[in-house]
Structure formats: structure tokens, C-alpha cells
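Take a look at the structure below.
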Amino acid sequence: MGTKTYTPQSRRKYLDFILIKLFLINAIVLGGLWWYVGPLSGVVFAKIIMGTWIYCAIVFVTPLLILFFNHKTKAKGMAIFLEKVVNVLIFDLKGIKSTVAIDDIKEITICMSPPVFDKRIDWMMWGIYSYSKFELKDGNIVVVSCLVWDNVEEVLPPSLIRRKKVWFPMM
């Protein structure tokens, strides 16, 4: 598996591509409005554009930025390495390393938004965010952001994994 850590590719997937998609949707909607209604006066069209952008900024972009920076601050300095041969996870939490055997993990809870949990279309644009809580048998809990490791279900045994629906997946 190799080392998992926060990378620029994580930023592209969880912030940049979502903002580009939102911009394209707005451009298509405004282009459709222009085509359907016809040419409008400059003031009316400017008001429609500003209203659309303000609405999108409040409803879509603000929660997205809150989630991204919340996950980014928690993910900074975190690295995870999985040794498949000996079934050991090595968590490096800002310089403090801890080695955990897969057998020492009591449960892994993956907290995700309702659209992803139910495998539906995500209309809020921030539904791909999730985080994993590794509950160890000694009572410790390690929380890992999707910016660090987003394919926990593909690597670790399914018997340990429990999916949980969370409306706004803040860590």
C-alpha cells in the first residue's frame, strides 16, 4: 500500500475539482437562461449573475471550504503506512509514531454523508468527504481524514468496518 499522507492530489480531488464542477454548472445554467429568455439588459443580467454566485457561495462553497480546511488541519503531519506482510498499521501523528497490529483494532467506523452512505447522487458537492475512526482494543481512538486515506474499505478486512451516516462529516 505504501505511505498515505495529505498530498496536492488530495486537494485537487476534494476541493479544486468540486469548485470547477460548480463553476461549470453555474455557467451552463446562466447560458441556458440567456438562450431561453434572450438578451437581457446589462443590469438585469448582472443582478442574476450576482444572485446566482451569492447563492452558490452560501449554499455550496462555504460548507465545502469549512470541511476542506477542517480536514486539512487534522491531516497535516499525519502519515499512515500499512505493512501487509505482518498486518501492521503504523500511524505517524505529527511525529509521534505508533504501531498497531490489525488484530488490535476493535472497530473501524467510516463516517460519511447520507448521499455516499446510500450510494445516491450528491447534490451538495461536499458529500465525498468522510473520515475513519479506528477504535483500538486498548480504548484509544485514531481519526483519519479522507484527505490522508480515502480507500480504507478496500484495504482493511470488511469484518472490522462499520459505515455510519453523518450529515456534515466534520472531524
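The working numbering puts the sequence shown at residues -17 to 153.
Ideal Cβ positions, reconstructed from N, Cα and C, are used throughout, including at glycine.
Bear in mind that the values here come from a model prediction, so they are computed numbers and not experimental data.
- Using a Cβ distance threshold of 8 Å, residue 62 and residue -14 count as a contacting pair.
- About 14 Å separates the Cβ atoms of residue 106 and residue 50, ruling out a contact at the 8 Å cut-off.
- Going by DSSP, residue 7 is part of the alpha helix (DSSP H) stretching over -1 to 19.
- The distance from the Cβ of residue 117 to that of residue 136 is about 20 Å, inconsistent with a contact at the 8 Å cut-off.
- The beta carbons of residue 31 and residue 46 sit no closer together than 8 Å.
- Partner residues in the beta bridge of residue 81, as assigned by DSSP, are 72.
- For residue -11, the secondary structure class from DSSP, reduced to helix, strand or coil, is coil.
- The beta carbon of residue 56 lies closer than 6 Å to those of 127 and 153 in the same chain, with the five residues before and after it left out.
- When C-beta atoms of the region 67 to 76 are compared with those of the region 0 to 7, fewer than three pairs fall below 8 Å, so the two segments do not count as touching.
- Within a 10 Å sphere around the beta-carbon of residue 151 sit 16 or more other beta-carbons, which makes this residue buried.
- In terms of Cβ geometry, residue -4 and residue 130 do not form a close pair [threshold 8 Å].
- For residue 133 and residue 103, the gap between their C-alpha atoms comes out near 19 Å.
- The Cβ-Cβ distance between residue 99 and residue 145 falls below 8 Å.
- Under the three-state reduction of DSSP, residue 38 is assigned to helix.
- Where residue 134 is concerned, the enclosing alpha helix (DSSP H) starts and stops at 134 to 137.
- In the structure shown, residue 145 falls within a strand segment according to DSSP collapsed to helix, strand and coil.
- Comparing alpha carbon positions, the residue from 149, 111 and 124 closest to residue 53 is 111.
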